[in-house]
Amino acid sequence: MPGPGWNYYGVRVQLSSDSTLRLLLNAAIGLVAASEHENVPEFGPLRFRVVPSPEVFEAHGLRVASATQLAAEISEADLHALPESRRKDVLYHGPTTVGDLLFNWFD
1 MPGPGWNYYG VRVQLSSDST LRLLLNAAIG LVAASEHENV PEFGPLRFRV
51 VPSPEVFEAH GLRVASATQL AAEISEADLH ALPESRRKDV LYHGPTTVGD
101 LLFNWFD
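My numbering puts the first residue of the sequence shown at 1, with every later residue one more than the last.
Here you go:
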């Protein structure tokens, strides 16, 4: 299960002897991402990376978010597309990127 307040699952993946990342799944929206694993604060922000072998996740009906998409700043259009309760969460908790909104520690 996600940690307290988190809206995503995360698992550490060892890619090679010197490369580790976290695969992230927001199951509610079927979205997969990857982030740095080392030296990441417990409560965001995440440092997003490229998801290895995205076709594996896509073959199972999941969408894969790019690191570039997730690093984009939350725009006014993004905020207006959210329900009022989510806008209040953004104002209160202060995520600044799309990724930290979609993979957050405050849900």
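Glycine residues also receive a C-beta, built at the ideal position from the N, C-alpha and C atoms.
The criterion of a C-beta distance shorter than 9 Å is satisfied by residue 46 and residue 99. For the 9 Å CB-CB criterion, residue 27 and residue 48 do not form a contact. Counting every other CB atom within 10 Å of its CB across the protein chains shown gives residue 39 a total below 16, marking it as exposed.
Under the rule that a run must span 4 or more residues, the alpha helix (DSSP H) segments found entirely inside the stretch 59 to 105 read 67 to 71, 76 to 81, 84 to 93 and 98 to 102. Under the three-state reduction of DSSP, residue 56 is assigned to helix. Distance from the CA of residue 83 to the CA of residue 58, rounded to the nearest whole angstrom, comes to 28 Å.
Per DSSP, reduced to three states, the secondary structure at residue 36 is strand.
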